[in-house]
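Inspection log for the structure reproduced underneath, given as structure tokens.
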Amino acid sequence: MPSYAALDVAQETTAICVVDDEGRIWAEKKVPTCPDAITDFLAHGAPGLVRVGMETGPLAVWLWNELAEREVPIICLDARHANAALKMRPVKTDRNDAAGLAQIVRTGWFKQVRIKSRSNYQIRSLLTAREMLVRTRVRIENELRGLLRTFGVLFGKRVGSFTQRAREIVAGELAGAPEMRLVAETLMKARASILDQIKVLDRRLSAVARASPVVRLFMTAPGVGAITALSVASVFDDASRFRRSSSAGAYLGLTPRRYESGETSRNGRISKQGNQLTRKHLYEAATTLLTRNLRFSTLKAWGMKLAKASGFKKARVAVARRLAVVLHAMWKTNTPFRWSQIDG
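Heads up, the sequence shown is in our numbering, so the first residue is 192 and it goes up one at a time.
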């Protein structure tokens, strides 16, 4: 008898529900969130197991890899799609959610989420940690500017680095204000410490980039540095996951939303689905391509023409989308960037 199971994963416990081919509940139980405990229950309580589903979540990557190693036919469901179906149930409990997910798994009405390789998740962790440190550094800088502005001390735009200007202010305008001098020096020490840690992560990311042929290939494209190349490669995971390179832009949320109902038909702003950090890196690469004095390419010419017609912001988004498509096409065909031709 074929059976289907679903896991509603929580921090401490996981609710499991097993249904048969007709949708009748065969077995259900709460077990510790442990791969061995889940595998043992499924081995005894789910005869003829066809597939097991669980939603995306904080523990999904770890649990999927552990269960896959134990030869459990595990699949990961898009939590947004699953949530839309589970909302129809009037009572929300872990047990009811597991039962609802089991019915979704049985009927096949779900969108499966790809779990990337562990090495790519490690790269994503490095990129996320670096982004958090960069945001913290910027926040410290803005906080220092705001605190000093209260007392009429302005950073302004001067030649030199932020550190040099801060030292000038501490030695000059704050010479007679010991409290504010202490505040400024403390924040500058914290900023310096964060910069040191960013350099540590940058060195590690540079080493990973040098060791990856795909990343080096991506870096032949204009505006694409090691950070952007690593970000795109790790979020794509595998060139074969998209049948067409044009799907890469939609995957990263860089294509317009579409709404059509009756006589109403309109395109909205970009969907902003997918990985936000990679989308940000592509924005930065597109900005560099459009504003820096780089070697001529038809991609830049296309972007500049679009900027004149629709404005820089829209052009930047369009170039970011096209850049994602081009990078995937480069990976798929294993060819460097063609400066005189727009791929994809």
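Here a beta-carbon is modelled for each residue, glycine too, at the ideal position from N, C-alpha and C.
Being a predicted model, the structure only gives us computed values, none of them experimental.
Between residue i and the rest of its own chain, which residues show a CB-CB distance below 8 Å, the 5 nearest in sequence each way excluded?
i, result
"His272", "Phe301 and Lys302"
"Arg321", "Ile389, Leu392, Asp393, Leu396 and Ile418"
"Val508", "Leu445, Ile461, Tyr474 and Ala477"
"Ala368", "Phe342"
"Leu514", "Ala412, Gly414, Val415, Leu473, Ala476, Ala477, Leu480 and Leu490"
"Ser456", "Tyr450"
"Ile295", "Ala197, Gly244, Leu268, Ala273, Ala276 and Phe301"
Helix, strand or coil: which one does DSSP assign to residue i?
i, result
"Asp285", "helix"
"Lys220", "strand"
"Ile306", "coil"
"Ala197", "strand"
"Asp212", "coil"
"Arg336", "helix"
"Gly248", "coil"
"Pro226", "helix"
"Glu451", "strand"
"Glu364", "coil"
"Ala357", "helix"
"Ala498", "helix"
"Asn256", "helix"
"Ala439", "helix"
"Ala206", "strand"
"Arg486", "coil"
"Ser403", "coil"
"Val243", "strand"
"Asn525", "coil"
"Arg434", "coil"
"Arg321", "helix"
"Arg544", "Examination of residue 544 is not possible in this model, given that the chain is present from 192 through 535 alone."
"Leu345", "coil"
"Leu268", "strand"
"Trp493", "helix"
Can you name, in chain order, every residue of its own chain whose Cβ lies under 6 Å from the Cβ of residue i, other than the five neighbours on each side?
i, result
"Leu250", "Val200"
"Leu335", "Leu378"
"Ala420", "Val406, Phe409 and Met410"
"Pro226", "Glu257 and Leu258"
"Ser422", "Leu318, Thr469 and His472"
"Cys559", "Nothing can be reported for residue 559: it is not among the residues displayed for the chain, which extend from 192 to 535."
"Leu481", "Gly494"
"Ala237", "Ser194, Ala196 and Val209"
"Leu497", "Ala506 and Ala509"
"Lys221", "Thr204 and Ala206"
So, under 8 Å CB-CB, residue i and residue j are touching, yes? Tell me the CB distance rounded to an integer number of Å.
i, j, result
"Ser425", "Arg315", "5 Å"
"Arg297", "Tyr195", "4 Å"
"Leu268", "Val304", "7 Å"
"Ala506", "Gly494", "5 Å"
"Thr224", "Gln202", "7 Å"
"Ala270", "Gly248", "7 Å"
"His519", "Ala400", "Incorrect: roughly 18 Å between the Cβ atoms, too far for contact."
Decide if residue i is buried, meaning its Cβ has at least 16 other Cβ atoms within 10 Å, or exposed.
i, result
"Pro413", "buried"
"His235", "exposed"
"Ser531", "exposed"
"Trp522", "buried"
"Met192", "exposed"
"Ala398", "exposed"
"Ala362", "exposed"
"Phe487", "exposed"
"Ala206", "buried"
"Val510", "buried"
"Val243", "buried"
"Ala171", "Residue coverage of the chain in this structure runs from 192 to 535, which leaves residue 171 outside it and unanswerable."
"Val263", "buried"
"Ser403", "buried"
"Glu246", "buried"
Can you give me the Cβ contacts of residue i inside the same chain, cut-off strictly under 7 Å, excluding the 5 residues immediately before and after it?
i, result
"Arg449", "Asn458"
"Val374", "Leu338"
"Phe353", "Glu332"
"Ala381", "Ile331"
"Trp255", "Ile265, Cys267 and Ile306"
"Glu370", "none"
"Glu364", "Val344"
Answer yes if the region 466-480 comes into contact with the region 443-457, meaning at least three C-beta pairs across the two stretches below 8 Å, and no otherwise. With the cut-off at 8 Å, the region 443-457 and the region 466-480 touch.
Three or more C-beta pairs under 8 Å: does that hold for the region 325-333 against the region 268-285? Contact between the region 325-333 and the region 268-285 is absent, because fewer than three Cβ pairs lie under 8 Å.
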